[in-house]
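In my numbering, the protein residues as written are 252 to 435.
Glycine included, each C-beta is placed from N, C-alpha and C at the ideal position.
What you are looking at is a predicted structure, and each value in this text was computed from that prediction instead of being measured.
Here is the structure we will look at, set down as structure tokens.
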């Protein structure tokens, strides 16, 4: 379905670049204790979803870990999956949480260029960062589904399925809009 949405938007069926980010979620009581953690930066007890999207904001990879897993550590299996599933992708944009050894690891192990999009030091307040806003918008789309606002699932694979389901709904609506006759 992703390929159909990309073609309807005038893009190649397979993307050549992506954007990575993570989001910490509160976990319900049903979530297994082994898959929960505490994200001290966000002050959240629960899980963290790591997503990679294409330049249109369509989901490519989702992995759910405990919230105490650092972004760099959660990115490694996500980038490995991305490389297995999408051979054409060569560039990934990321925020400064992914800087450091991960950039070298990505180049060496999965042949991906990880480009860090940094915020300018001379600007205060909210600033829209190039390319980074796309993944933030996707996280917002995912959170429009009640089952994805919080992690209710005992297994992380079940929450990953809920995120995929949310994106399938979004892509289906997007395809319907692009193929329906234009109202005058």
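Item: Does the region 299–314 come within contact of the region 347–362, defined as at least 3 CB pairs closer than 8 angstroms?; Value: no
Item: By the 10 Å Cβ neighbour count, where 16 or more other Cβ atoms means buried, how is residue 252 classified, buried or exposed?; Value: exposed
Item: Pairing CB atoms from the region 286–297 with CB atoms from the region 256–272, are three or more of them under 8 angstroms?; Value: no
Item: Rounded to a whole number of angstroms, what is the C-alpha to C-alpha distance between residue 289 and residue 279?; Value: 13 angstroms
Item: What does a CB cutoff of less than 7 angstroms around residue 435 pick up in its chain, not counting 5 residues either side in sequence?; Value: At residue 435, the pLDDT of 43 sits below 50, so the modelled position is not reliable; the number obtained from the coordinates is stated separately. Result list for residue 435: empty, nothing under 7 angstroms.
Item: Keeping to the same chain, check which residues put their C-beta closer than 6 angstroms to that of residue 419; ignore five residues upstream and five downstream.; Value: none
Item: Go ahead and pull the three-state DSSP assignment for residue 288.; Value: strand
Item: Between the beta-carbon of residue 415 and the beta-carbon of residue 256, is there less than 8 angstroms?; Value: no
Item: Select from 311, 308, 270, 317 the residue whose C-alpha is nearest the C-alpha of residue 406.; Value: 317
Item: On the CB-based measure, 16 or more other CB atoms within 10 Å of its CB, does residue 254 come out buried or exposed?; Value: exposed
Item: Output needed for residue 417: all residues of its chain with C-beta closer than 8 angstroms, excluding positions within five of it in sequence on either side, in chain order.; Value: 392, 393, 395, 396, 398, 399
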